[in-house]
Structure formats: C-alpha cells, structure tokens
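Novice:
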Amino acid sequence: MESILLILTDTKLVSIKRLTMKVLNKNTDYAVRALLSLAGSQGVYLSAKTIATEQDIPYQFLRRLLQELIRHRLVVSREGASGGFKLDRDPDGIALRELIEIFQGPVQVSECLFRKKLCGNRARCVLRHQILRIEQVVRAEFENITIGSLLGDLAAAGRADGSTPVNGAVPAECLNH
Numbered sequence: 001m002e003s004i005l006l007i008l009t010d011t012k013l014v015s016i017k018r019l020t021m022k023v024l025n026k027n028t029d030y031a032v033r034a035l036l037s038l039a040g041s042q043g044v045y046l047s048a049k050t051i052a053t054e055q056d057i058p059y060q061f062l063r064r065l066l067q068e069l070i071r072h073r074l075v076v077s078r079e080g081a082s083g084g085f086k087l088d089r090d091p092d093g094i095a096l097r098e099l100i101e102i103f104q105g106p107v108q109v110s111e112c113l114f115r116k117k118l119c120g121n122r123a124r125c126v127l128r129h130q131i132l133r134i135e136q137v138v139r140a141e142f143e144n145i146t147i148g149s150l151l152g153d154l155a156a157a158g159r160a161d162g163s164t165p166v167n168g169a170v171p172a173e174c175l176n177h
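FYI, in full-length UniProt numbering the residues of the sequence shown are 1 to 177.
(1) Please look up how many angstroms separate the CB atoms of Y45 and G84, rounded, as I've assumed it's under 8 Å.
(2) Contact between the region 72–90 and the region 45–54: three or more CB pairs below 8 Å?
(3) Specify the secondary structure class of L113 as computed by DSSP and reduced to three states.
(4) Within 10 angstroms of the Cβ of V137, are there 16 or more other Cβ atoms? Answer buried if so, exposed if not.
(5) Applying the criterion that 16 or more other CB atoms from any shown protein chain within 10 Å of the CB defines a buried residue, is L69 buried or exposed?
(6) Can you list, in chain order, the residues of its chain with a C-beta nearer than 8 Å to that of V107? Leave out the 5 residues immediately preceding and following it.
(7) How long is the line joining the alpha carbons of R78 and D56, rounded to whole angstroms?
(8) For T50, which beta-bridge partners are listed by DSSP?
(9) Who are S77's beta bridge partners in DSSP?
(10) Would you kindly check if the distance between the Cβ of D88 and the Cβ of R64 is under 7 Å?
This is how it looks when you write it as structure tokens:
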C-alpha cells in the first residue's frame, strides 16, 4: 500500500512516497470482530445477522468467514430458532497469530526468495538472519494477543469513556486500518 507524506520545509512543501505495511487483511479484521462478538455473548448463540449488524460486516462475507472458523474448530454452529454461532474455544486460547495464519498465511515480514531456497544470495544475505529474528518477535507478539485479551481491552476502553461494549461489538473505526 502506498501513501504520500507531505512535509513542509522552510521554503517549500515536499511530497515523499512511502510504503506502509498492512498487517491485517480484511478477512482477518472481520474474523477478529466476529470472534469478539461471540466472546462477548458469553456462550449464547448469536445469529450471523446479529454479528454482521453489530460489527458492520457484509452478511454473505461473514457467512464464509464463519464457515472457515468452524472448519478450524474456533466456532460451532447450531440450527433452529435458538441456533446461531458461538465460540468452541476459550477466548484466551484464540491467538491473533492463529487468525492471521488462517486468513493470510504465515506471519512474514519479507517475501524474500530465501524462504524457498531459490535465492542465489541466500548464504551471503546480510538481512536474512535479522528478518528471521524480527519475524520471530512479531509472531510471539501476535501469539500474546488473544480474543480474550482484546475483549478485556474493549471492556477497559468502554469503562474509560463511560460506554459499555455490547456483546463485544467493536466500533468499525477501532479496527479499520
């Protein structure tokens, strides 16, 4: 993703192009929001329509995400009037790293070819070990962020501004990047 940074110097306005790294794609973002709704429901089944409305997620898109979450045993579903979706695991046991890997693939800082052993410079690459170290740190941080910890952060933020999150509903502006 490219963005433009404008800098005002003493005499002129300078435009600099810079690249920004997008950490979470739309699938992961929506999955986190859906899981926060389910975690906030405290074991009560929620309909996809309820989650879609609470989290401002397109309904059909959410249905596909929920099926993927079921396939990975993070969510269960039940049909019928009292049916819907609920978490199949403790929210503290669902790490952001796991969601990133489900919806985006492995956590990687670089798309360097040394991963596939195709790079002729692999043995001499000065960045290789540093990038691997950074990726380990990033993976560990994403492992420490769980749906449970995010729900706790939401509750604390709600208390700080006097509001109370309902069913883990996340205002869209909080997660849109």
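All C-beta atoms, glycine included, are put in the ideal place defined by N, C-alpha and C.
Specialist: Taking the geometry as given:
(1) By one-based count along the sequence shown, residue 45 stands at place 45. By one-based count along the sequence shown, residue 84 stands at place 84. With 8 Å as the limit, Y45 and G84 qualify as a contact, their Cβ atoms being about 4 Å apart.
(2) yes
(3) As a working mapping, residue 113 is identified with position 113 in the sequence shown. With a pLDDT of only 48 at L113, under the threshold of 50, the placement of this residue in the model should not be trusted; the figure read from the coordinates follows. DSSP places L113 in helix when its eight states are reduced to three.
(4) Translated into the one-based positions of the sequence shown, residue 137 becomes position 137. So V137 ends up on the exposed side.
(5) As a position in the sequence shown, residue 69 is number 69, starting the count at 1. With 16 or more other Cβ atoms within 10 Å, it is buried.
(6) By one-based count along the sequence shown, residue 107 stands at place 107. So the list reads R97, I100, E101, E135, V138, R139 and F142, once near-sequence residues are dropped.
(7) Position 78 of the sequence shown, counting from 1, holds the residue named residue 78. Position 56 of the sequence shown, counting from 1, holds the residue named residue 56. R78 and D56: Cα-Cα distance of roughly 22 Å.
(8) As a working mapping, residue 50 is identified with position 50 in the sequence shown. Per DSSP, none; premise fails for T50.
(9) Sequence index remark: in the sequence shown, residue 77 carries index 77 (1-based). In DSSP, S77 forms a bridge with F85.
(10) Start at 1 with the first residue of the sequence shown, and residue 64 comes out as number 64. Start at 1 with the first residue of the sequence shown, and residue 88 comes out as number 88. Not a contact, by the Cβ cut-off of 7 Å.
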